[in-house]
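**Student:** Residue numbers (the numbering used here): 778 to 1083.
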């Protein structure tokens, strides 16, 4: 940095003023700040998250058109989080640059021309222990899992206790729906309650006396799940026009010439560090001494690997 401000405790307003003058932190000065933070005693912080009470609705996916700022190519996404996630990282880079950090966002992973790759999967079959997986529509990919919605299947046969049903209505307080007539081995997949309607299916001679078959197809209409990629088989990619959702997870920072894979937490960690804060705030009111973030800070700001 052209000025000699390298001490922990430089105010946010002062940093913003320096940035407005066109002055930036260089890597040597950042390394000195990291060393000073490492030598500082850890501050006291509040332990554990603050109480919260809220529910989250499943977001609705939408078509997103991404135009590459480098080559101008257009890449299509169908995702509920794409626009907000990209805006978060872009805004983060702007905020950090305003604090004097030499940073930019490398978006090349989002362009199918700059970074060719497999298109977005649109459907597949969910593997189950029963061996007859449900067909699912793949909505999003997030945090290493697919968010899928079950496509209605016909003739899904599952089992409930005979004594719990009368005239196609549940008369017990509750009854478990199982994938097998054997209560010892059949996994519970649903729970029905008094007054719920069921469609009983004809018995066959080998059926146990105390269990009955029911049509479970309605239970799978519109059901949402989060599954690992390896839990799906027979993947369908449609016409291949949509880009894979996981591209948004491969954005990179360019910090003082060093390329580092971006993480959402980086923005708040770097803002806290550059403004001289010693407490990192995250989650729902959680706190952590900034000294605990030194490994990530050194990865972001330290000298590039030779």
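Don't be surprised by glycine CBs; every beta carbon is placed ideally from N, CA and C.
Compare the beta carbon distance of residue 911 and residue 1014 with 8 Å and say whether it is the shorter of the two.
**Tutor:** For residue 911 and residue 1014, no; Cβs fall outside 8 Å.
**Student:** Below 7 Å CB to CB, which residues in the same chain sit around residue 945 once its five sequence neighbours on both sides are set aside?
**Tutor:** 974, 975, 976 and 977.
**Student:** For residue 820, tell me which candidate among 849, 1076 and 1068 has the shortest Cα-Cα distance.
**Tutor:** Measuring from the Cα of residue 820, the nearest candidate turns out to be 1068.
**Student:** Which word fits residue 770, buried or exposed, when buried means at least 16 other C-beta atoms lie within 10 angstroms of its C-beta?
**Tutor:** Given a span of 778 to 1083 for the chain in the structure shown, any question on residue 770 remains unanswerable.
**Student:** Is the Cβ-Cβ distance between residue 990 and residue 934 less than 8 Å?
**Tutor:** Yes, Cβ-Cβ distance for residue 990 and residue 934 is below 8 Å.
**Student:** From this set, 872, 927 and 1064, which residue's C-alpha is nearest residue 901's C-alpha?
**Tutor:** Residue 901 has its Cα closest to that of 927, out of 872, 927 and 1064.
**Student:** Contact check, residue 1075 vs residue 811 under 8 Å by CB: the rounded distance?
**Tutor:** Sure, about 6 Å apart at Cβ, within 8 Å.
**Student:** Could you check if residue 921 is buried or exposed, using at least 16 other CB atoms within 10 Å of its CB as the buried criterion?
**Tutor:** Residue 921 comes out exposed.
**Student:** Give the secondary structure of residue 943 by DSSP, where H, G and I count as helix, E and B as strand, and everything else as coil.
**Tutor:** Residue 943 falls in the strand class under three-state DSSP.
**Student:** Under a Cβ-count criterion, where at least 16 other Cβ atoms within 10 Å of its own Cβ denotes burial, should residue 948 be classed as buried or exposed?
**Tutor:** Per the 10 Å Cβ criterion, exposed.
**Student:** How is residue 1041 classed by DSSP in three states: helix, strand or coil?
**Tutor:** Correct three-state label for residue 1041: coil.
**Student:** Could you check if residue 1033 is buried or exposed, using at least 16 other CB atoms within 10 Å of its CB as the buried criterion?
**Tutor:** It counts as buried.
**Student:** Please return the same chain residues whose Cβ sits closer than 7 Å to the Cβ of residue 891, not counting the five positions on each side in sequence.
**Tutor:** Closer than 7 Å at Cβ, skipping near neighbours: 845, 847, 848 and 885.
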